[in-house]
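Just so we're aligned: the sequence shown equals residues -19 to -1, 1 to 565 in mature numbering (1 follows the signal peptide of the UniProt record, and there is no 0). Report on one structure; see the data block that follows.
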Amino acid sequence: MCIFLCCFFLFLTYQTAQSQIPLPNAFAHNDYEHERPLFDALQQGFTNIEADIHLVNGELYVSHDRPKSSASLLKDLYLKPLQQILKKNQGRIYPDWNGTFLLMIDIKTEASRTYQVLKEQLKQFPELLNNPYFKIFISGNRPFEEIRNEALRYAGIDGRPEDLGKDYSYNFMPVISDRFSAVCNWNGKGEIPASEWQKIKNLADKVHLEGKKLRFWAIPDQANVWNTLLKAGVDFINTDRLSALSAFLNKKPTKVILMIGDGMGTAQIFAGLTANHGQLNLMRCQQFGFHLSQPAPVSGFITDSAAGATAFSTGQKTYNKAIGVDTLKQPLATLIEIAEKYNLATGLVASCAITEATLAAFYAHQPYREMEEEIALDFLKSNIDVAIGGGKKRFTNRKDGKNLLTQLKEQKYQIADLNDDFTQYSKGKLVAFTAEEHPKSIKDGRDNQLSQGTQTAIQILNQNEEGFFLVVEGSQIDWGGHFNDAEYIAKEMVDFDQAIGIALDFAEKDGNTLVVITADHETGGLTINDGNFEKGTFEGKFTTKQHTAVMIPVFAYGCGAENFAGIYPNTAIFDKIVKVLFNR
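Written out as structure tokens, the structure reads:
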């Protein structure tokens, strides 16, 4: 059985290697701790792998600590399968890839005796020796002088910064490694101080002058750090998160969070910025653009939330009040439905009813937004994993007398009722109702349920290894515009920004998440005529109590954010998300 599984995994690796893009910067730290040592890393395109070894009773075992009786042998876990792959691919790990694959062997027992046994084993695997596309080097307890003085060299040495300037060749010392904290005091949060970045850059420059590669171990294992190290010239990103780093290096997100500030134009953003004393998480975004919000010509020049959200969710312009249907009232495939076909988890969070127009356009298909009871029935037809918001009455106090909560429970949903703490839920399908109709405004005492809902949804959805698609709506910015209430707008904007902060923090740590922040339209024709950041006050004036036709800002952060720069129609939001998430 063991032989069969090894052959099966090897077959899978061969198949994957034909299409996998090799990643020269990807270094699999403690590779043997993954479910399928070696094979998981190869399927993700890694070109550098670490294996720790112990010499016990004349055999080399792979393990971080002293091996147990169940530990695997180095030759079985790495040497044999690597030789088979090299034979199949004419001396290369990846077909047609001319880079050098590195196997770092970290010796945990006494250096000289362990290395002597390793040499004897390597003699049995000639494909691993004298191969320009494959190299072994030794770390941990290093038999430094022994390897340096070898006439026939079986492996190189993992160097340290103090080894620089001593004329050691690349053949002897291909890599310089060090503990991250020995060079840099940055904890990986926020932006690295310029002085700390310069320390990394200076070391990288010295290493490269000698024709060697630089690696740090014990780094904060997150995207912000990976990106910083690469920009500073570090060659290898040491990680335990194989799929996350692979997606990061391939610039392909597996998770998208679309955040819609209903009614949010640039003036609403600036109102929130001023009220919050010049601070908004939104300002952390890396890319900025505009979309044109006009609906289908049949509805004139100014969109409503239904047509605007349908443009986002389907890539098609339609008439005002339409929910997920075209101008002929025919259903259109939505982003949530497409995501579910790709086995992504999906979720919705809002500070209004989950059957309101904006969220409904992502899962329902109705000719008019007012048909909220029918929209609730459409929710039952979806396979949404998490929904947090108001609108309980659309499921319980219905004209048809049905109690849809019963059907939700039959579909394995957990139901968090109005007074329940939905943050206690961390897995499984969840519908959390925060109000019978709509939650209160922040001005009238609503707590931070939008940011809590965003956090809870991310926590649950992130358990799906395939990724997720989440829509978060700051719903009541729009209502403040309709009421011409500047204070209402500012408070809702700051509340929405707290949810934005939750999403950006997750994206920063995750590395494979794209956050897109925009609005369906602007409401109120707001202008800011005066203000004071220090006091958090501003003077706002309105030109209407309705929506306007102004261009709407689009902010993007994380993997794939560069796709959202420029000026484009609102339907392009759909096109761009589909392109980066599904490669279509």
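By construction, the Cβ of each residue, glycine as well, lies at the ideal position given by its N, Cα and C atoms.
Between Ala331 and Leu325, the C-beta gap is not smaller than 9 Å, which leaves the two residues out of contact. Tyr549: member of the beta strand (DSSP E) spanning 547 to 550, first to last residue. If you check the CB distance, Thr90 and His35 come in under 9 Å.
Note on geometry: alpha-carbon atoms of Asp425 and Arg196 lie some 54 Å from one another.
One Cα belongs to Gly371, the other to Ile335, and the distance between them is close to 6 Å.
By the neighbour-count definition (other C-beta atoms within 10 Å, threshold 16), Ser158 is a buried residue. If you look at Tyr42, you'll find it in the beta strand (DSSP E) that goes 40 to 43. Residue state for Gly253 is assigned as helix, using DSSP reduced to three classes. DSSP, reduced to helix, strand and coil, places Arg94 within a helical segment of the structure shown. Using a 10 angstroms sphere on the CB of Leu133, the tally of other CB atoms stays under 16, which defines it as exposed. Per DSSP, the continuous beta strand (DSSP E) segment holding Arg160 begins and ends at 156 to 160. CA-CA distance, Lys61 to Gln1, rounds to 21 Å. Apart from the 5 residues on each side of it in sequence, Phe271 sits with its Cβ closer than 7 Å to the Cβ of Met532, Ile533, Pro534, Val535, Ile548 in its chain, given in chain order.
Here the stretch 149 to 168 lies against the stretch 178 to 194, with 3 or more beta-carbon pairs under 8 Å apart. One thing to note: Leu254 has its Cβ no nearer than 9 Å to the Cβ of Ile558.
For the options Leu83, Ile30, Phe115, the alpha carbon positioned closest to that of Asn70 is the one of Phe115.
Within the model, the alpha-carbon separation for Leu309 versus Gln347 is close to 11 Å. Of all C-beta pairs linking the stretch 427 to 447 to the stretch 213 to 221, fewer than three are shorter than 8 Å, placing the two stretches out of contact. Across the set Leu361, Gly455, Ala500, the C-alpha of Ala500 shows the shortest separation from the C-alpha of Pro550.
One Cα belongs to Phe403, the other to Leu67, and the distance between them is close to 53 Å. Taking a C-beta distance under 9 Å as the contact criterion, Gly455 and Leu431 qualify as a contact pair. Contact fails between the stretch 403 to 421 and the stretch 469 to 489, because fewer than three Cβ pairs, one in each stretch, are under 8 Å apart.
Straight-line spacing of the CA atoms in Pro312 and Arg17 works out to 44 Å. DSSP places Gly521 in no alpha helix (DSSP H) but in the uninterrupted beta strand (DSSP E) bounded by 518 to 522.
Per DSSP, the beta bridge partners of Leu36 are Leu41. Residue pairing for Thr499: DSSP places it in a beta bridge opposite Ile241. Taking C-alpha positions only, Lys56 is separated from Tyr42 by approximately 9 Å. DSSP places Lys182 inside the alpha helix (DSSP H), whose first and last residues are 175 to 190. Comparing alpha-carbon positions, the option among Val206, Lys212, Lys393, Asp243 lying closest to Ala225 turns out to be Val206.
Unbroken alpha helix (DSSP H) stretches of 4 residues or longer found wholly inside the stretch 376 to 409: 385 to 391, given in chain order. Taking C-beta atoms as the reference points, Leu507 and Leu562 fail to come closer than 9 Å. Around the beta carbon of Lys410, 16 or more other beta carbons sit within 10 angstroms, so the residue counts as buried.
The continuous alpha helix (DSSP H) containing Thr209 extends over residues 204 to 213.
For His272, the uninterrupted beta strand (DSSP E) run begins and ends at 268 to 273, by DSSP. It is roughly 51 Å from the alpha-carbon of Glu391 to the alpha-carbon of Phe519.
A check of alpha carbon separations from Lys302 across Glu353, Ser162, Leu261 identifies Glu353 as the nearest.
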